Amino acid sequence: MLDTILSQAVNGLVLGFLYVLIAVGLSIIFGLLGIVNFAHGAFFALGAYFAMQLYRSFGWPAVILAPFLAGAIGMVVELSLIRRLYGKEPLLSLILTFALSLLMSALIRLFWGGAGQPFSPPRFLAGFVEWGPVLITTYRLAVLGITTALLIGLWAFFAYTPYGRILRAGSRDAEMVGLLGINLPSVLTWVFGLGCCLAGAAGLLAAPLWTVDPTMSESAIMPAFVIVTIGGLGSYAGAIVAGLLVGVVTALTIAFAPEASAAAMYVLMAVILLLRPRGLFGERWERFE
Amino acid sequence: MTITPAGPSVTRRTALLGAASLSAPFIRNAAAAEPIRIGMILAKTGQIVDQSEYLAQGTYLALEQQNNTILGRPAEIVWLDEASPQGAQQNMQKLIDEQKVVAVIGGALSSSALAMESVAKRAKIPFVIDNAAAREITGKDCNRYTFRLQAPVPVQARALAPYIMGYGKRWYFITAAYAFGQDILRSFRDILRAAGGTEAGIDEVPLNTPDYSSFILKIRQAKPDLVLGGVSAGDLTTFLKQWNELGMKGKIPFAEIAIGDTDIWGIGPDAASGIFTKTWYYNNPNNTPEDKAFAAAYQKKHNRPAADKAWMGWFTMKSLLGGIEIAKSTEPAAIVAGLEKWQTQDGDLAVHYRSWDHQLLRRTLVVETKPKITDKWDYFDVKASLPANAADLEKVFGDKQEIGCNMEST
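Line by line, the protein sequences are chains A and B. Each residue of the first sequence is one higher than the one before, starting from 1 at the first, in the working numbering. Each residue of the second sequence is one higher than the one before, starting from 1 at the first, in the working numbering.
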């Protein structure tokens, strides 16, 4: 029994890191722009498809470009569509990004077809590590390492760089930041691009594990929303803690009640929202009141 | 001075009748120009969408090969989504009410097919199911208007069982928590019990599970002789990818029924493994000349080999078109009678829909992944086409008592 719990909890933590990476981009976009991006899953899928295509055309080193391509498309989307929604009714951004998600899925289907595309982890990351009952594949360890590095980098960026401080200030009081002579609209384009880039990075890392097909966007978007809600809307730390929590709870549910595993994260969300309606790390924000 | 009409007097009624009779041929021509519509309900979104795409391609190809005509009249396919069982039911009703379709094809998922066959029964519209395999479809839920191509789960289970018993009799079941998966679980548990085997574990998994690693760790701890799968389409692809990633490929054998080519193509040559049943395989040397011609036509049109699902769409449509030709009518009852009479030869076997349950009687293939896959499309070696003896076909598909179909009451 203890072996099972240990093995599943560690596996859940590793899975949780992937969930964190999917959710953190969504959390950043919501926290800084106030946009609920339903197209986040589509950018995740786009990252996976770009990685697969770059690998086929140029080999493994080229896949690093995939998140940046997803981010660049995100910036174009922000410039052409999203920026018209700032300060408007939240429902508008929901409708627009939902439509965008459908459009992007249809475009993926048009370019690559509806069937799954083969894409396996690189051979140099084949194999696994075993410590007693715990088994982790080398590839998942790499996912854990890359995600941790990305999260630390992002935290340092927001906490210690002038650019990060402008972003945080702009998310609280855009008018004041503008009065200080900072071109906030251009900054916001980069923020949306960054969120989409992170979704693309999650897609790249998930592609060798999941089925690369147009429906992978749907598999990503729901856990992402649940994690962001549990963690507290817009909270960076909340997304990390909630992602790991969802991973562990899902894995332990699989161990003891597998048929309920898909519902586990929703039950967790319901319980946390009942106890703390703003989510684990949710704050009171003037602009959302 | 008065002016009187020169000709005979014409009443208003006569004039109207005359106009109507003059325009009658044009009205008839307009009706003739109205295309005959066949409805198609296949998923456009969700986990079965990749299989549906191929099913649809095959269906369209069958009609194209008949110059898009039925009984000398133009014909077209109207395709609506199979988003969920309720959605599929609503769309089928919409096809019947608004598009006036003469028959419906589709049903990629068993849950949707079961929901749709109740609409077929109520609306008295022929419904030919191309993919769903749950036993109830032509079993206890059968009806006069529903026909089904794919062999039901117990038939495929019986075909596969002799090939997997050799690995040992302690099995771990991982099956999807919906009609198809539950039917697989039930069928193979019966077979295992009858053979004196034991269950190492049972996991019923939700649809669209993105990560199976926790399930695979449980299987690894249980150390079964064989893993019996019952997850389909994209879920099977994900499972086998992660099965390989966690180093289980080649350690514990994996078996499942009714694998689709698109499922295995999505896994990739490095990760693919297992022994399966299949309805059709493009590279089976024993394919009929018609099947080979279909494979060539598909390859020419789509520039890739035909997936089994493409053949299933094509064959289902071909049987429906054949049934309509025999009926020489688009009346529902006549089409049903036509489908019951329709048959095609496959070697020594007359492939046909059985009259009392409307199940297509045809052989099932047992295939195994090649030890080394060098062609990105050709993953399987065909191990057998069962039953070997055509006379055993009725027996393999079960008798009336086992199937439980009672059409008299429908």
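Every residue, glycine too, gets a C-beta built ideally from N, C-alpha and C. It should be emphasised that the depicted structure is a prediction, and the values quoted were computed from it without experimental measurement.
- Within the region 256 to 319 of chain B, the complete beta strand (DSSP E) runs of at least 3 residues fall at 275 to 278.
- Between the alpha carbons of B:F147 and A:T189 lies a gap of roughly 55 Å.
- Here the alpha carbon of B:D50 sits roughly 47 Å from the alpha carbon of A:Y160.
- With a threshold of 7 Å between beta carbons, B:A310 makes no contact with chain A.
- If you ignore the 5 residues before and after A:T137, its C-beta comes within less than 6 Å of the C-beta of F128, all in its own chain and listed in chain order.
- DSSP places A:L92 inside the alpha helix (DSSP H), whose first and last residues are 90 to 112.
- Taking a C-beta cut-off of 9 Å against chain A, the contacting residues of the region 294 to 323 of chain B are A307, listed in chain order.
- Contacts between B:A258 and chain A, judged by CB atoms closer than 8 Å, are missing: the closest CB pair is about 17 Å apart.
- At a cut-off of 7 Å between beta carbons, B:P210 contacts chain A.
- Close to chain B, meaning a Cβ-Cβ distance shorter than 8 Å, are the following residues of the region 114 to 143 of chain A: G114, A115, G116, Q117, P118, F119, S120, P121, G127, F128, P133, L135, T137, Y139, R140.
- Under the three-state reduction of DSSP output, B:K383 falls in the strand class.
- A straight-line Cα-Cα distance of about 15 Å links A:A45 and A:Y55.
- Around the C-beta of A:M176, fewer than 16 other C-beta atoms lie within 10 Å, and the residue is accordingly described as exposed.
- Judged by DSSP secondary structure, B:P74 falls within the beta strand (DSSP E) whose first and last residues are 73 to 80.
- Counting along the chain, the unbroken beta strand (DSSP E) around B:G39 starts and ends at 36 to 41.
- When DSSP assignments are scanned along the region 140 to 169 of chain B, the uninterrupted stretches of beta strand (DSSP E) that are 3 or more residues long and fall wholly within it turn out to be 146 to 148.
- Residue environment analysis places A:L275 among the exposed positions, since fewer than 16 neighbouring C-beta atoms fall within 10 angstroms of its C-beta.
- Residue environment for A:L91: exposed (fewer than 16 other C-beta atoms within 10 angstroms of its C-beta).
- Legend: CB atoms of the region 247 to 260 of chain A lying less than 7 Å from CB atoms of chain B belong to residues A251, I254, A255, P258, E259.
- Below the 8 Å Cβ cutoff, chain B contributes S214 as neighbours of A:G12, in chain order.
- By the neighbour-count criterion, in which 16 or more other beta carbons inside 10 Å mark a residue as buried, A:Y163 falls on the exposed side.
- Of the residues B:G107, B:N67, B:A179, B:F127, the one whose Cα lies closest to the Cα of B:P332 is B:F127.
- Pairing A:A106 with B:G404, the inter-Cα distance amounts to about 43 Å.
- With fewer than three CB-CB distances shorter than 8 Å, the region 250 to 268 of chain B does not count as touching the region 283 to 299 of chain B.
- B:P162 counts as exposed, since fewer than 16 other beta carbons sit within 10 angstroms of its beta carbon.
- B:V119 places its beta carbon 7 Å or farther from that of B:R135.
- Contact residues of the region 10 to 36 of chain A toward chain B are N11, G12, V14, L15, L18 (C-beta to C-beta distance below 9 Å).
- Looking at the backbone, the Cα of B:R122 and that of A:G282 are separated by about 53 Å.
- Taking B:N406 as reference, the option from B:V336, B:L246, B:D357 with the minimal CA-CA separation is B:D357.
- Judged by DSSP secondary structure, A:L188 falls within the alpha helix (DSSP H) whose first and last residues are 184 to 206.
- For B:E199, the enclosing beta strand (DSSP E) begins and ends at 198 to 205.
- Annotation for B:I129: the continuous beta strand (DSSP E) segment containing it runs 127 to 129.
- The alpha carbon of B:A310 has as its nearest neighbour, out of B:P210, B:G250, B:G106, the alpha carbon of B:G106.
- A Cβ-Cβ contact shorter than 7 Å links B:I96 with B:I125.
- B:Q242 reaches chain A at L209, counting residues in chain order whose Cβ is nearer than 7 Å.
- Chain B places no beta carbon closer than 7 Å to that of A:S80, leaving this residue out of the contacts.
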